[in-house]
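The block underneath contains the structure these notes are about, expressed in structure tokens.
In the numbering used here, the protein residues as written are 290 to 456.
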């Protein structure tokens, strides 16, 4: 007895459109997750003397690179020279911060005049060098506190992809 089977496919899974659907939704997922993390990092970032417009907070930005490729990735970063020390903190017993770097901070945060700030800056710098300070951990907190949310986003995009590929 000879049996003849006919296999038919339904949906985009076995068509060239499958790769485009996967890539489109991967790009969307990474973009959405990156924008979420950008907002969260900024939420945890201490405002310096320039407020939200400048300084460290204003320097934090996001970029999605590699769209349209399997290597798409989201980057939330800052090129600010103090971002690492603000993230991780400063260990006790390290060198003092450079002279002049705390003057504006002392004026704005401590309400000192320029002359007063010059007089106390050495003491503050020495204290920071001796005692250090805790980091804000804004990047770490943003990621750790949102991993579950990002996983849910990925799960939802996975369902969207599966639905589209089966239509």
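Glycine included, C-beta positions come from ideal geometry on N, C-alpha and C.
Under the rule that a run must span 4 or more residues, the alpha helix (DSSP H) segments found entirely inside the region 421-451 read 427-433.
If you draw a straight line from the Cα of residue 394 to the Cα of residue 434, it comes to about 30 Å. Per DSSP, residue 354 lies in no alpha helix (DSSP H); the unbroken beta strand (DSSP E) holding it starts and ends at 349-354. Separation of residue 361 and residue 416 (C-alpha to C-alpha, rounded to the nearest whole angstrom) is 44 Å. Between residue 385 and residue 414, the CB-CB gap stays under 8 Å. DSSP places residue 366 in the strand class (E or B) of the three-state scheme. Cβ contact annotation for residue 336 (same chain, cutoff 6 Å, sequence separation greater than five): 346, in chain order.
For residue 333, the enclosing alpha helix (DSSP H) stretches over residues 306-333. Counting along the chain, residue 377 sits inside the alpha helix (DSSP H) bounded by residues 372-377. Looking only at 311, 318, 308, 327, the smallest Cα-Cα distance to residue 428 is reached by 327. In this structure, residue 316 keeps its C-beta atom at 8 Å or more from the C-beta atom of residue 363. Taking 8 Å as the cut-off, the beta carbon of residue 422 is found closer than this to the beta carbon of residue 378.
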